[in-house]
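Working notes, structure below.
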Amino acid sequence: MKQVAPRPALPAGDPAPGSRPGPGAPVLELAGLERAHGDQVIFRSLHWRLGPGEVGAVMGPNGAGKTTLLQVVAGLLWPSAGTVRVAGAPARPAEPAWRRWVGYVGHRPLAFPELSVWENLIFFGRLYGMPRQEAEERARELLDRLNLVAVAGRPAAHLSRGLAQRLEVARAMMHRPLLWLWDEPFTGLDAGAARLLENLVEEHAAAGGTAVVVLHEPARALRLAGRLLLLAGGSGHDLPAAGVGMADLEAWLARAAQEPGWAGDGLVPPAGWPGRRGAPAAGSSGSGGGPEAGSRRSMPAGSPAPASDARPLPQAGPAPAADLAVPARLPEPPQPPAGAVLRALVELDLRQEWRRREGLANLATFVLLVGLALAFALDPGRHDLSPLMGGLVWVAFYFAAVLLFGRGFARDADRGTLDGLLLAPADRSAIYLARVVSQGLQLLALELVLAPVVMSWLGFQGPARWDGFLLVLGLGTAGLAVVGTLLGALTAAVRGREALLPVLFFPLTAPVLLASVQAAGAALSGAPEQAALWFRVLAVYDTMFLVAGALLFDYVVAR
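So this is what it looks like as structure tokens:
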């Protein structure tokens, strides 16, 4: 597919291009884009533009930066230099609204394995601000379109490779994005499923949408895409697919794979192509180009001659139809309500924990073993432990908290589901706040159930003020949660995180432990008024770190 004729109208509910006053801006524009890991430059000075109704294929050898490029465009990685614009808006990772226009499919599934196919689609719809009824209608439509109705109730963890890939496509389409970013979506699919995905891309382009697809098959790229972005040796080369022969493209890909340092010069753009240096300006939104676009050389000696079936090169890149032009900037999409996003995220965490069960069961076992060890070591039958009861109770739960906070974000980072949350158009601080609430509730429930058991083993008998003790549990647990959640996110992708998290956690939460032990001891002795200062310390600490965590979370998860 080189240029798809537009349909009379967009499908109901799809992102409308809005008013069309004359020539419009591209849906995707890369300007001087660069990404480096330390001293290693993945790609540099990338310039590329795709307009409405266009499909672009990104190709290159393994390690050329194709996946990294899509992650930068999607906002999962920060660019080292240059800019990305989506629908005319600067696509900065820290600004959430523009992500509403993007639908991303990566190498790893972003669906949550404990949730069913249906539950995953509903959750991601709500995460993008869709009311539940609208999300359910959209989910039914996609289940039918992608032939997933029969497995709608099956957990995502139990899907085959092909079904899981179709679920990923459905997830990325839930919020009707304008720009599709698909990274090798055809890998592992049978012929029927692959053709289904090709049809979806063609229909999306026909409706005025834009798609960027990472591909390895030259035949599919030339059939599906109108433009090619070839990556090799840190450089990018933008070409109209209509002017590239199959044999030329195969030879280019073969040489790029065999010579890692080769910059990929070889496929020459047409003389009148606006991306080439010195060419006349053109109004096509599909024109790519930058400083390096005109410096491409001809194929080196010894390279295969152009294929005999190669079509004549066009004098300009393909231009979308006039009625598909996007205005200089689309109206900013509404941001999902913060309350609805928080509720959806908290429900997700609690539902996953309930279905796994072994997480809290392991923590409960740990707390009981610590309490039993203390009872044997201190012999409450011979010693009055009442003055020490506050400290003894908090010792057990304090170490259990380290285990709890160390596994939440680490699990999401390991299986890739954290990226699915970061792609949402909501403020990323909502992810932090929701995780504070869910993990805090889990720890508090554990304390309420097991504290009486541990205290009875330790022989507690006294005129306790239980209202004061419950207040201590709530404030102390909140303090541990606001710090532990932030540090859990910070260490999630770090090697040796099991050792690093306690090293960071203990010093930062020492004030919480000290205040909680003192306040709990006063409450259990029947005189909580003696700990008024410690209650104030806990309240101030919790508020201060909650605000700091919400402000810093976006930088903590930035890559």
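If you're matching positions, the sequence shown starts at 6 in the numbering used here and goes up one per residue. Idealized CB from N, CA, C, for every residue including glycine.
Determine the DSSP secondary structure at residue i, reduced to helix, strand or coil.
i, result
"A515", "helix"
"A382", "helix"
"L184", "strand"
"T490", "helix"
"T88", "strand"
"H242", "strand"
"A450", "helix"
"G280", "With a pLDDT of only 40 at G280, under the threshold of 50, the placement of this residue in the model should not be trusted; the figure read from the coordinates follows. In the structure shown, G280 sits in coil (DSSP, three-state: anything other than H, G, I, E or B)."
"A237", "strand"
"T215", "strand"
"E146", "helix"
"E39", "strand"
"Q45", "strand"
"A525", "helix"
"R54", "strand"
"Y133", "coil"
"M179", "coil"
Around the C-beta of residue i, are 16 or more other C-beta atoms found within 10 angstroms, so that it is buried, or is it exposed?
i, result
"S165", "exposed"
"N125", "buried"
"V454", "exposed"
"W359", "exposed"
"T514", "buried"
"E264", "exposed"
"G554", "buried"
"G43", "exposed"
"G395", "buried"
"L485", "buried"
"T548", "exposed"
"D149", "exposed"
"Q138", "exposed"
"V477", "buried"
"H242", "buried"
By alpha-carbon positions, which one of the options ends up nearest to residue i?
i, options, result
"A537", "F550, V522, M549, L551", "V522"
"G231", "R440, V219, P245", "P245"
"E39", "D188, A62, L82", "L82"
"D419", "L506, A497, P101", "A497"
"R181", "A157, G241, L147", "L147"
"R143", "R500, V454, W123, L451", "W123"
"D188", "P265, G531, I127, N67", "N67"
"A116", "V107, W106, F128", "F128"
"G266", "L236, V488, G344", "L236"
"A494", "G134, R416, A345, G364", "R416"
"P512", "L75, D149, V488, G526", "V488"
"E59", "Q340, L183, S461", "L183"
"E255", "G239, A268, A226", "A226"
"V78", "P114, R113, D44, G37", "G37"
"A157", "S121, G167, A175", "S121"
"V91", "S85, P84, R105", "R105"
"S240", "W53, A532, A406, V346", "W53"
"L365", "E452, P392, P385, L426", "E452"
From residue i to residue j, what distance separates their C-alpha atoms?
i, j, result
"R4", "L194", "In this structure the chain extends from 6 to 564, so residue 4 is not present and cannot be described."
"I436", "V372", "28 Å"
"V508", "L202", "48 Å"
"A528", "R470", "5 Å"
"G111", "G479", "40 Å"
"D328", "L220", "Here D328 scores only 38 on pLDDT, less than 50, and its place in the model should not be relied on; the value that follows carries that caveat. Cα-Cα distance, rounded: 29 Å."
"D472", "Q535", "14 Å"
"V218", "A224", "14 Å"
"R228", "P430", "33 Å"
"T370", "P57", "57 Å"
"L355", "W185", "31 Å"
"Y560", "R433", "10 Å"
"G65", "P160", "35 Å"
"V409", "E173", "Looking at the sequence itself, residue 409 is Leu, so the reference to Val does not match. Straight-line Cα distance between these residues: approximately 29 Å."
"L353", "W399", "28 Å"
"L518", "Y403", "8 Å"
"G344", "L438", "11 Å"
"R260", "T215", "30 Å"
"L383", "G421", "45 Å"
"S530", "A483", "23 Å"
"F474", "L505", "31 Å"
"V542", "V552", "16 Å"
"V107", "G526", "53 Å"
Step through the CB atoms of chain D and report whether any lies within less than 9 Å of the CB of residue i.
i, result
"L427", "The structure shown contains no chain D, having only a single protein chain."
Quick one: is the Cβ of residue i within less than 8 Å of any heavy atom of the ligand MG?
i, result
"D44", "As far as ligands go, the structure on display features none, and thus does not contain the ligand MG."
Exercise for review: Mind the definition here: the segment 43 to 52 touches the segment 203 to 211 only if three or more C-beta pairs lie below 8 Å; say whether that holds.
Suggested key: no
Practice item. Inspect the CB distances between the segment 62 to 76 and the segment 92 to 107 and report whether three or more fall short of 8 Å. Key: no
Check your understanding: Hey, is the segment 150 to 163 in contact with the segment 435 to 451, meaning 3+ C-beta pairs nearer than 8 Å?
Key -> no
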